[in-house]
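K.L.:
Please find one structure pasted underneath; my questions will follow.
4 protein chains.
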Amino acid sequence: MDYFYGPGRNHLFVPGPVNIPEQVIRAMNRNNEDYRSPAVPALTKTLLEDVKKVFKTTSGTPFMIPTTGTGAWESALTNTLSPGDRIVSFLIGQFSLLWIDQQQRLNFNVDVVESDWGQGANLDVLASKIAEDKEHTIKAICIVHNETATGVTNNLATVRKILDHYQHPALFLVDGVSSICALDFRMDEWGIDVALTGSQKALSLPTGMGIICASPKALEATKTAKSVRVFFDWNDYLKFYKMGTYWPYTPSIQLLYGLRAALDLIFEEGLDNVIARHGRLAKATRLAVEAWGLKNCTQKEEWFSDTVTAVVVPPYIDSSEIVKRAWKRYNLSLGLGLNKVAGKVFRIGHLGNLNEVRLLCYMFLH
Amino acid sequence: MDYFYGPGRNHLFVPGPVNIPEQVIRAMNRNNEDYRSPAVPALTKTLLEDVKKVFKTTSGTPFMIPTTGTGAWESALTNTLSPGDRIVSFLIGQFSLLWIDQQQRLNFNVDVVESDWGQGANLDVLASKIAEDKEHTIKAICIVHNETATGVTNNLATVRKILDHYQHPALFLVDGVSSICALDFRMDEWGIDVALTGSQKALSLPTGMGIICASPKALEATKTAKSVRVFFDWNDYLKFYKMGTYWPYTPSIQLLYGLRAALDLIFEEGLDNVIARHGRLAKATRLAVEAWGLKNCTQKEEWFSDTVTAVVVPPYIDSSEIVKRAWKRYNLSLGLGLNKVAGKVFRIGHLGNLNEVRLLCYMFLH
Amino acid sequence: MDYFYGPGRNHLFVPGPVNIPEQVIRAMNRNNEDYRSPAVPALTKTLLEDVKKVFKTTSGTPFMIPTTGTGAWESALTNTLSPGDRIVSFLIGQFSLLWIDQQQRLNFNVDVVESDWGQGANLDVLASKIAEDKEHTIKAICIVHNETATGVTNNLATVRKILDHYQHPALFLVDGVSSICALDFRMDEWGIDVALTGSQKALSLPTGMGIICASPKALEATKTAKSVRVFFDWNDYLKFYKMGTYWPYTPSIQLLYGLRAALDLIFEEGLDNVIARHGRLAKATRLAVEAWGLKNCTQKEEWFSDTVTAVVVPPYIDSSEIVKRAWKRYNLSLGLGLNKVAGKVFRIGHLGNLNEVRLLCYMFLH
Amino acid sequence: MDYFYGPGRNHLFVPGPVNIPEQVIRAMNRNNEDYRSPAVPALTKTLLEDVKKVFKTTSGTPFMIPTTGTGAWESALTNTLSPGDRIVSFLIGQFSLLWIDQQQRLNFNVDVVESDWGQGANLDVLASKIAEDKEHTIKAICIVHNETATGVTNNLATVRKILDHYQHPALFLVDGVSSICALDFRMDEWGIDVALTGSQKALSLPTGMGIICASPKALEATKTAKSVRVFFDWNDYLKFYKMGTYWPYTPSIQLLYGLRAALDLIFEEGLDNVIARHGRLAKATRLAVEAWGLKNCTQKEEWFSDTVTAVVVPPYIDSSEIVKRAWKRYNLSLGLGLNKVAGKVFRIGHLGNLNEVRLLCYMFLH
């Protein structure tokens, strides 16, 4: 039933889902278990405690929801906000666009701050908006830490500085899908209220778990948030946390054991070493792109992403043809250009459990 | 990191998540893949086609959402109904209770028809309500085909007959979580508008995929349904179906290959043989319970469930102690009694890829 | 490609190869590795140290040869003896017969001491032979600790006592294939010179590793043993042990990691607890056989085996039909009767990583 | 228990054991089975038939012995020859040296024909010896098709021509360990009498199965061959082949299913395409070595090996340091120089289920 790839293993360099370490594949190679037995809550407890470390939070409350990044977004918004709430959101690429689309469909009142694709969030506009908003009509700032479509990393510390400068109480909601566990991310230090990621990104698991951390302020906000939610309702989780059984509905046993193995690998290497490694491999990628004589889609060094590099191809080439040929002839998977940059860029994902030599695999592109 | 069980394999007889066949475990033992490559849509296409067969529908449209049964419920309701819509729902056990709770929190106007736990849905009340509802204020009938908490199977054919008799246009929404692929289930013949199940039940996969089938009438209803939905929105799926890329967001690669293997096993045995086997093993279970001198929680034979048997323990015994001891001393997992029947019943799940001998594993209870 | 068994898992109750614990299957789920890297010798070192514990030896030297029990036999004989050497060997069932056949084909001069199948080794004959052998023409005693064909366990302590009583220097070579790790086995205390087992027996691994322990006296004997040997030559191993690279030729990487996991499980439970558990499950099996009204092939309680029970069927039944039907109808694998007891007995293997409930699986035979 | 490698997967480029395809790892991810059930013989039958195809023989008889290449050598020699028999054997590197050592220890009378390491077998000497041997005292020619230590491929067709030219009846025994399934190999066409390989080489399985094919003439020779053999005796296999149960002792169930998957992959790609791919990747490797300014250990193009390249390092560098650093810093496994070329060469294995991109992994060496 396997689709035919030709000989050898697939070389996976899309920015997600990423390569799964052998240790994690092994940990997930198992039968189901009763999630109401004493074993699963005991395991869950260690995971909830340890997952906070990759968010660099001690005060946050984590939720591991059987969903994807899209569902994690929805959970972040509906648990903390009410229909009609004004939010500021930054449009800088396909994934921020999709989140904004979700925000609008959930009936929030979204101030969209747009940048050219390849640029970071325009935080000057944010500063003006916050400065002007004496009456605190802005309820939340929604920002994608790392825009996977263009390889742009936004500066979250500056967002926090702006809010603090004006003593603005807006919630600070962050999509960390392609950043957490790979880029420098500091939930507590940067005063982030909701941060989220997906299992298939830097954690290097299969898809299927949206991991969210909520600050005490975010939890407080749930009490007044009127957005309709059931599956994504954090309160159902909190109720089961109190009972010590942890799960309002059935989790994936395999993902729990996989997450345990993934966290163990990260802690063994050291989270800061993991982040430094991403920096090192990303730099090597950018140097390679430069050596090929191609341009990085990201327009300024301050926005360079250490998890994904979007490479601009010459105008007479269709980037999707490169991706197609890489897959068909070399069993090499690269990311397509999306929406505005379709045909113009291809993307190299360099996140997750990679090493120097593995990265060489896409070098044939030269 | 494995929690210690003692020697030997765990004997899993909860009504979900159920035992995964070795063939399915093998199929899922793999790295991630790019879901935008040509391979994943090609695989998805076969799955969408074949999954309809286990619902016994040719006209339905399937959705395989990265979620659980709870999420599948939410998807069924929010895609077809608007807040304030009147629905009739049957409360006969913990899972129907949870679905009703969801219906209420999603702001539907729910006529709850309650039965004693151990009895089936009161379809006489349904008939009266339908007969009276000349103006068609009832927009949907929501019913759990098989109540997992009490081992009660409702008669779906009768529901259809009632609706047809009164030519009532209410949508017919069915939770088939612990029935589809195990009990006789005929989506098209019974005129079901939305049917749903979860991957970790009779399909014998890990948790993480909610599978829903929508009739043409249900799809039509999405056009006017005003419930807020994004992650669960079928329209996003339909858009990607048209493009042939199938996925609005990242699916679990492992579950896709696992589902392929699971369906292959079912078709190899023959779906009707699978259903007959469930009948045979369920009957053996009920005979064993009788031989032990214990009572079935299900009050009448017409409601006997072929996927789960809830066993009533004598009043001087706490059923949760039996479950605890079975797990601790015999590495045998049984289902707890839930809510109203907590402490009073324990549950034997006999669904999924089981055989006669495997079933003997719980016989020690004698 | 999987041969069709019907639904559910296979119930494996042959006396080998036995069920592999999930933890061991997981540990073996891996790519190959360079066995000349620093990692493999480091792992090997821990295995050589720990494997001695299951033989209960501190002075023995272990060899883990990529072969089966038959190869381990050959290694035991050819490393310690010369063609023409006189040995005493006990014929009590098919496996002792096969070993004797090997001894004869390797040109040893074998005194075969035969018992009825179902009886243990006739140690009175041994005592006479040893008593008479003042000139020490007997170079070795070869005995199968547990005859897998008839479920008979020989008394090794008595063999040692006889040799000690007459101060006879014969080597004491023991086939522990279906005993080590399951029955009470004390290499050092009983003065065993060569003991051996296979990975697929009580260690609960796949087939492919013959594990042998040699006493200092056995190692001394290699210096004068003139039997031709290359692949099975312990000296090649000893040479590589000294260099710290351990392997004269390529080992199975997967079996090394599997053995690590298997030993970890045994030590976690405690070797003596493992042995006690085998005793308990064996007793339950014998009681069941009795309850069925059938006879144990083993003729006296002193020889009852705690790893395999051979069950005598009534004369009007062909036991191979029972085995065939069990497999075909119930996906249950039992051992056939072999050679002299073909058609007359079937065998239940109850060794390895089993528990009480698992054992119930063959109870349907009633 | 996993030895720590650092992040990312190991890059395995030793000439064996080689990378295992995911499909094969999956196929082997299973519990044991009763090898006396109907399923295992049915599987074995297909394997015996299909394995002949990779030897390009229709008249040969295959044996799949639970052993390594070293054991397969022993099986080839002891089944066809008697102690004292004169054989001609070519010493051109470490593996031919080891085979010759075995031949001598098995008491054959070996004419060793030595070449410089880096050169092929001196077939002129063979021609003289054969020409002179009017009385047919030479019973066998033993030759390693591909010497893994130096990356030298011998010309087997020429050996056959020499024998035919002089109508010499010597048996033609070939070690195809690092050639069969990767290099052009034609058992029948070249009149090879015994050919052998190991599972962990081009078949891309774990270690543990020695696969041997014997010509009708070789089978005839077993009748007079007086070498002592039991474990390796083909006659035991032939006896069980006739009974249709195939196995004189327990095989590895996992390797059988793995071999099935490995053969399926080879046939899907096409054996000749597999061989052509090895040629292509080998050429790329040699060009890379040239581009690095380094020398191939193989002294003439006619001997270039398409499965392994031994690279000569400058005299002021210790090649084992390169191998050590590659492993430690880059998680890249290369082959050491052995014996005479220790410290002077390192080896790149490019055999098995590889593709172009994977091969790039060692390019960092530049």
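Residue numbers (the UniProt record's numbering), protein chains in the order written: chain B, 1 to 366; chain F, 1 to 366; chain D, 1 to 366; chain H, 1 to 366. For glycine and all other residues, C-beta sits at the position ideal for the given N, C-alpha and C.
1. Pull up the distance between the alpha-carbon of ILE211 (chain H) and that of THR78 (chain D), whole angstroms please.
2. Evaluate PRO216 (chain H) with the Cβ neighbour count: other Cβ atoms within 10 Å of its Cβ, from every protein chain shown; 16 or more gives buried, anything less gives exposed.
3. Since VAL174 (chain F) and LEU156 (chain F) should fall inside the 8 Å C-beta cutoff, what is the C-beta to C-beta distance between them, to a whole number of angstroms?
4. Tell me the DSSP secondary structure of ASN353 (chain H) in three-state form.
5. Just checking LEU171 (chain F) against the ligand FAD - is the residue's beta carbon closer than 8 Å to any of the ligand's heavy atoms?
6. Using a Cβ distance threshold of 8 Å, determine whether the region 278-291 of chain D contacts the region 139-150 of chain D, with at least three qualifying pairs required.
7. According to DSSP, is GLN102 (chain H) helix, strand or coil?
8. Going by CA-CA distance only, name the one from H:ILE65, H:VAL18 and H:GLN94 that's closest to PRO251 (chain H).
9. Could you pull out every residue in the same chain whose Cβ sits closer than 6 Å to the Cβ of LEU203 (chain F), ignoring the five residues on either side in sequence?
10. Could you tell me whether the Cβ of TYR330 (chain B) comes closer than 9 Å to any Cβ of chain H?
11. From LYS295 (chain H) to LEU91 (chain H), what does the alpha carbon distance come to, in whole angstroms?
12. Going by the beta-carbon positions, is the gap between PHE185 (chain F) and VAL54 (chain F) smaller than 9 Å?
13. Assess contact between the region 215-234 of chain B and the region 70-77 of chain B, defined as three or more Cβ pairs (one per stretch) separated by less than 8 Å. Is contact present?
14. Three-state secondary structure (DSSP) at ILE20 (chain F)?
15. Under 6 Å Cβ to Cβ from GLN104 (chain D), same chain only, skipping five residues before and after it: list those, please.
16. Grouping DSSP H, G and I as helix and E and B as strand, with all else coil, what is ARG30 (chain B)?
17. Give the residues of chain H in contact with GLN200 (chain D), contact being defined as C-beta atoms less than 9 Å apart.
18. Between which two residues does the alpha helix (DSSP H) holding PRO114 (chain F) run?
19. Using a Cβ-Cβ cut-off of 9 Å, state whether residue 375 (chain D) counts as contacting chain B.
20. With a cut-off of 9 Å, does the C-beta of VAL112 (chain D) fall near any C-beta of chain H?
21. At 7 Å on the CB atoms, spell out the chain C contacts of GLY8 (chain H), in chain order.
22. Is GLY69 (chain D) close to chain H, meaning its C-beta is less than 9 Å from at least one C-beta of that chain?
23. Could you name the residues that DSSP lists as bridge partners for LEU205 (chain B)?
24. Return the chain-ordered list of same chain residues with a C-beta closer than 6 Å to the C-beta of TRP117 (chain D), the five sequence neighbours on each side being excluded.
25. So, is TYR316 (chain D) buried or exposed, given that buried needs 16 or more other C-beta atoms within 10 angstroms?
26. If you measure beta-carbon to beta-carbon, which residues of the region 208-223 of chain H are closer than 8 Å to chain D?
27. Does the beta carbon of ASN29 (chain H) sit closer than 9 Å to a beta carbon anywhere in chain F?
28. My assumption, with CB atoms under 8 Å, is that LEU163 (chain F) sits in contact with ILE192 (chain F). Please give the rounded CB distance.
29. Look at the alpha carbon of LEU106 (chain H) and the alpha carbon of VAL228 (chain D), and state the distance between them as a whole number of angstroms.
30. Going by DSSP, what residue range makes up the alpha helix (DSSP H) through ALA291 (chain F)?
31. Mapping DSSP to helix, strand and coil, what is HIS11 (chain B)?
32. Rounded to the nearest angstrom, what separates GLY258 (chain H) and GLN102 (chain D) at their Cα positions?
33. Counting only beta-carbon separations shorter than 9 Å, does GLU269 (chain F) have a partner in chain D?
34. Consider the Cβ of ASN19 (chain H): report whether some Cβ of chain D lies at a distance smaller than 9 Å.
35. Would you say MET1 (chain F) lies against chain H (beta-carbon separation less than 9 Å)?
36. Taking 7 Å as the limit between beta carbons, can you name the residues of its chain near MET1 (chain H), skipping five residues before and five after?
P.N.:
On the basis of the coordinates in this document:
1. 24 Å
2. exposed
3. 6 Å
4. coil
5. Absence of the ligand FAD from the depicted structure is noted, as is the absence of any ligand whatsoever, leaving it without description.
6. no
7. helix
8. H:ILE65
9. CYS181 and ALA262
10. yes
11. 22 Å
12. yes
13. yes
14. coil
15. VAL110
16. coil
17. ASN32, THR250, SER252 and ILE253
18. One point to set straight first is that residue 114 (chain F) is Glu, not Pro, in the sequence displayed. Segment 109-114 is the beta strand (DSSP E) holding GLU114 (chain F); no alpha helix (DSSP H) there.
19. Because chain D spans 1 through 366 in this model, residue 375 (chain D) falls outside it and cannot be assessed.
20. no
21. The structure shown has no chain C; the protein chains it does contain are B, F, D and H.
22. yes
23. According to DSSP, LEU205 (chain B) bridges with nothing at all.
24. GLY93, THR150, LYS340 and VAL341
25. exposed
26. GLY208
27. yes
28. With 8 Å as the limit, LEU163 (chain F) and ILE192 (chain F) do not qualify as a contact, their Cβ atoms being about 11 Å apart.
29. 6 Å
30. 271-291
31. strand
32. 30 Å
33. yes
34. yes
35. Confidence at MET1 (chain F) is low in this model, with a pLDDT of 38, below 50, so its placement is unreliable and the value that follows should be read with caution. It does not: the Cβ of MET1 (chain F) has no partner Cβ on chain H nearer than 9 Å.
36. Confidence at MET1 (chain H) is low in this model, with a pLDDT of 39, below 50, so its placement is unreliable and the value that follows should be read with caution. Closer than 7 Å at Cβ, skipping near neighbours: no residue.
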